[in-house]
Amino acid sequence: MVQILFLITIWITYWISGMACGRWMNLGLVSILVYFSIISNFGVEGSLEDIPIIKKLLKRRNSTRGNDEPIQKYNSSSDCTSVTQYLVNADDPCSYYRCSRATLKFEEMECPDGRSTTSRDRKRAKKGKILETFPCAAKARTCRVKLSKEQENTILSVPKVPRCGLDIMIAVDISCSIAPLDKIKVKSFIQRMAASLPIGRAKTQLGVVSFDANVHHVLWLNSAIRSIKAVQAIHRMKLEQTNRRLQCGTATYDALNAIRNEYFTYEMGDRPTKPNAVVIITDGKTVPVDRANDTINAAKALLGDGALVFVVALPNQRSITMGLGKFIGWAEWLQMTTKKNIFTAEDFDLLESQVTNLTQSFCE
């Protein structure tokens, strides 16, 4: 009697499911029900795990991950293991996090102009999942940098220097000792310098990093194929610290090491047949001061590789207030390059007057 009632239940289930499911799905469902009918009626103990296809799937899952092994969830402060690891910024479609080769930490990067991460990848990032492929796969108008006409006219009005093939990296100090308004003037100076260079694949290539206590990516050597593209990337450069307690420092040594080990590489656009140049824009010496030798050694390593090293010295407002003079980094700078390659700006408003002098010195 129990068996008859059970079979009736099976066929009722088959008939109801036929209203919503396909024919083959119905047959699969009935097969499973019949299977449990048989093993229950003949006293055979069984479970879903005894079904061959389910047993096979469980075996495959257990071979790739232990039953008790937790899945690692990543966030922007996590350690990473490979430069091919990326973490999407779930809150900003125009940026992502890349594993730094120097620190094996995730560092925030900007997507190329007009590109963004996908909504699918941003949802995955909220679950702590990483990518092994470059994440800026979508086009997005919101991630395009558009300069005003007035900005374009001002920045692009700088006369071009003679054509010369160089790979130039700029390391710009955005530490807490520089006032916010002066940082904007420094950014304008870099933009005008980019506009004055004949940028292109067969011409001059330009890359940019900024630094405080950490190093921040702005532009790869092979990212900008025209001057306007470089100007737009610099326009997006972040100038202020999100955590002044942790980020107020002047890690010039880290910036120079990143330039040497990550930016002056074939993958990032460095051309073996073209000379390299590094421009360090800073208002003072290395902080913490006990890392000054690291900065000097990093600059000497670049010189040893054949790169030209230039310093653009900015007035240090804190030093001026204390009556110690405008430029407090001479002892360090003179060990990093020759005196003729050190340019000083007596005032931030006079900084842009150095654009022509500096860019022309590249091509001498």
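Taking the working numbering, the leading residue of the sequence shown gets 2, the next gets one more, and so forth.
The beta carbon of each residue, even a glycine, is placed where N, CA and C say it ideally should be.
- Burial check for D348: the Cβ neighbour count within 10 Å stays below 16, so the residue is exposed.
- Judged by their CB atoms, A139 and A91 are not nearer to each other than the 8 Å cut-off.
- Positions of the alpha helix (DSSP H) runs, each at least 4 residues long and wholly inside the region 321–352, are given as 331–334 in order along the chain.
- In this structure, the alpha-carbon of R319 lies about 17 Å from that of V187.
- When the alpha-carbon of N244 is set against those of C177, V313, D168 and K341, the nearest one is in C177.
- For D295, the enclosing alpha helix (DSSP H) covers residues A293 to G305.
- Taking a C-beta distance under 8 Å as the contact criterion, L303 and A346 do not qualify as a contact pair.
- Looking at A300, T339, D295 and D284, the one whose alpha-carbon comes closest to that of D174 is D284.
- With a threshold of 16 other beta carbon atoms within 10 Å, D306 falls short and is exposed.
- Cβ-Cβ separation between Q192 and A214: approximately 25 Å, too far for a contact (criterion under 8 Å).
- By the CB criterion at 8 Å, Y264 and G208 fall inside the cutoff.
- Collapsing the DSSP output to three states places D168 in a strand.
- For T253, there is no enclosing beta strand (DSSP E); the residue is found in the alpha helix (DSSP H) stretching over T253 to A259.
- Three or more pairs of CB atoms, one per stretch, sit closer than 8 Å, so the region 250–265 contacts the region 282–299.
- Burial state of A180 is exposed, judged by a 10 Å Cβ sphere holding fewer than 16 other Cβ atoms.
- DSSP places Q206 in no alpha helix (DSSP H) but in the uninterrupted beta strand (DSSP E) bounded by Q206 to F212.
- Runs of beta strand (DSSP E) with 3 or more residues, each lying fully within the region 258–292, are found at 277–283, listed in chain order.
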